[in-house]
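Notes to accompany the following structure.
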Amino acid sequence: MKILVYGAGVLGSQLAHVLVRGGNDVTVLARGKRAEELEKDGIVIRHVFQFKTTVDPVRVARTLEVDDQYDLIFVVMKYNDFSSVLPILADNQSSNIVIVGNNADARSMQNFLEVNSRVAKQVAFGFHVSAGKREKDRMLSVGGGSGQMVIGSLDGEIGFKPVLDQAFQHVKNKLNVLSDIDAWLKSHIIPILILNAVSFNEKREMQKMEGNKQQLVHMIRAMDEGFSVLEAMGITIIPEIQAKMIRKHQRMLYLLLKIYSMLPVHKLVTGSFGEIEALNNAFTDWKKTTGIPTPHWDVLKRDFTILK
Ligand SMILES: NC(=O)C1=CN([C@@H]2O[C@H](COP(=O)(O)OP(=O)(O)OC[C@H]3O[C@@H](n4cnc5c(N)ncnc54)[C@H](OP(=O)(O)O)[C@@H]3O)[C@@H](O)[C@H]2O)C=CC1
Ligand SMILES: CC(C)(CO)C(=O)C(=O)O
Numbered sequence: 001m002k003i004l005v006y007g008a009g010v011l012g013s014q015l016a017h018v019l020v021r022g023g024n025d026v027t028v029l030a031r032g033k034r035a036e037e038l039e040k041d042g043i044v045i046r047h048v049f050q051f052k053t054t055v056d057p058v059r060v061a062r063t064l065e066v067d068d069q070y071d072l073i074f075v076v077m078k079y080n081d082f083s084s085v086l087p088i089l090a091d092n093q094s095s096n097i098v099i100v101g102n103n104a105d106a107r108s109m110q111n112f113l114e115v116n117s118r119v120a121k122q123v124a125f126g127f128h129v130s131a132g133k134r135e136k137d138r139m140l141s142v143g144g145g146s147g148q149m150v151i152g153s154l155d156g157e158i159g160f161k162p163v164l165d166q167a168f169q170h171v172k173n174k175l176n177v178l179s180d181i182d183a184w185l186k187s188h189i190i191p192i193l194i195l196n197a198v199s200f201n202e203k204r205e206m207q208k209m210e211g212n213k214q215q216l217v218h219m220i221r222a223m224d225e226g227f228s229v230l231e232a233m234g235i236t237i238i239p240e241i242q243a244k245m246i247r248k249h250q251r252m253l254y255l256l257l258k259i260y261s262m263l264p265v266h267k268l269v270t271g272s273f274g275e276i277e278a279l280n281n282a283f284t285d286w287k288k289t290t291g292i293p294t295p296h297w298d299v300l301k302r303d304f305t306i307l308k
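For the sequence shown, counting from 1, position 274 maps to 274 in UniProt numbering; every step adds exactly one.
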């Protein structure tokens with residue numbers, strides 16, 4: 001199967017690696033230094049928990065041209081970067097697109113592609129459930145053995161599911177098809193936004209979470225408020241366990257957050273300021289539209305984060 005992975009950062013590299021190992025004909029679209037690295041060394045990934053390093057030679061493209069044809073395109077990048085590639089995808093003749101990563105506005109992206117594409121598109125949205133970080137010349141993966149990608153369409157079945165199944169037939173990562181991927185993506189934003197928001201300094205650099213009692217209490221209550229905002233928009237919190245944990249087991253969550261804030265493990269949820277800011281802007285709009293009171297989120301924002 002001819003597949004393009006558009007965006008060769010931490011998770012794009014992990015996805016390309018499993019797709020190559022699954023017997024697919026994979027091209028990665030990268031730019032600048034990352035494209036040079038990939039051409040020279042292939043995809044180099046240190047799998048921390050598996051105590052191994054994998055190297056996969058891969059075809060590298062620097063652009064997606066109008067006439068380039070792929071059976072599947074996975075776009076794997078930060079939420080705030082998607083808008084720059086949508087017009088390029090719309091011009092291209094391939095039809096099956098999966099947009100992978102945090103996403104507060106999947107519907108607008110799909111609408112853009114539906115309205116502007118030269119060839120009709122079928123669009124799905126996904127989230128590669130894994131983690132990692134970039135090191136010099138290689139990526140670190142801290143994902144479990146056989147990770148998964150949650151995936152779904154905004155309008156019922158994924159039109160190109162047979163193509164996806166074929167691509168993943170021999171891939172160790174499993175596809176977890178959800179009936180409401182938009183709800184999953186929006187639910188994910190709430191804890192991620194709050195965990196990250198308290199960790200940026202004025203230079204927009206990630207630092208250790210402060211972790212004082214007052215801050216942790218505001219964080220837990222702010223997550224609860226965040227879910228109430230989503231519910232007021234008619235969104236079901238998925239997975240349900242997140243809401244249960246945040247609403248019914250606050251003491252346990254407090255202890256977990258306290259430990260988390262003291263250990264280097266907090267680096268696993270290190271996002272980028274640009275993406276967190278864009279997600280925060282979306283959440284601020286939802287708050288305004290629903291009119292749900294968010295007193296803890298407002299204090300947290302005023303006193304503990306640089307997001308305004
Ligand atoms: N990293 C992680 O541990 C986790 C990430 N996620 C989420 O997954 C998504 C992807 O994250 P991640 O892989 O870490 O992100 P990265 O920033 O590591 O990778 C994104 C890649 O996309 C490339 N890119 C951005 N814009 C363009 C463009 N216009 N043209 C070509 N390439 C472009 C970047 O290029 P360049 O290198 O030149 O900047 C970069 O290589 C995000 O939503 C993130 O929050 C979720 C869970 C964990
Ligand atoms: C955004 C990011 C990369 C950091 O919090 C993340 O871990 C996630 O979305 O799950």
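We put the beta carbon where it would ideally sit given N, CA and C, even for glycine.
For residue i, the residue or residues it bridges with in DSSP
i, result
"H128", "M149"
"L72", "I3"
"N96", "Q122"
"E135", "R138"
"T63", "Per DSSP, none; premise fails for T63."
"residue 311", "The displayed coordinates of the chain run from 1 to 308. Any statement about residue 311 would go beyond what the structure contains."
"D56", "I43"
"E27", "The amino acid at residue 27 is misidentified as Glu; the sequence shows Thr. L4, R59, per the DSSP bridge assignment."
"M206", "F200"
Residue i Cβ short of 7 Å to ligand 2 heavy atom set
i, result
"I246", "no"
"H188", "yes"
"A282", "no"
"N102", "yes"
"N196", "yes"
"T270", "yes"
"I237", "no"
"I99", "no"
"I192", "yes"
"A131", "yes"
Distance cut-off 7 Å: residue i Cβ against heavy atoms of ligand 1
i, result
"S261", "no"
"L113", "no"
"Y79", "yes"
"S108", "no"
"S153", "no"
"R46", "no"
Identity of the residue in the options nearest residue i by Cα
i, options, result
"H170", "L19, V5, K2, A8", "L19"
"V28", "D68, R46, Q50, F51", "D68"
"K172", "H188, A16, D105", "A16"
"F112", "A222, K287, Y260, D91", "D91"
"E135", "K2, I276, W286, V10", "V10"
"K208", "I246, G12, G274, A197", "A197"
"S108", "S94, Q93, P87", "P87"
"D56", "I45, I73, S130, I220", "I45"
"S94", "L4, A8, I189, A278", "L4"
"E202", "L216, V177, F304", "F304"
Residue i burial status per 10 Å Cβ neighbour count (16 or more: buried)
i, result
"F127", "buried"
"G271", "buried"
"G156", "exposed"
"F49", "exposed"
"N96", "buried"
"R118", "exposed"
"M252", "exposed"
"E205", "exposed"
"P191", "buried"
"F168", "buried"
"T236", "exposed"
"Q214", "exposed"
"Q114", "The sequence given here has Glu at residue 114, not Gln. Result: exposed."
"F227", "buried"
"D182", "buried"
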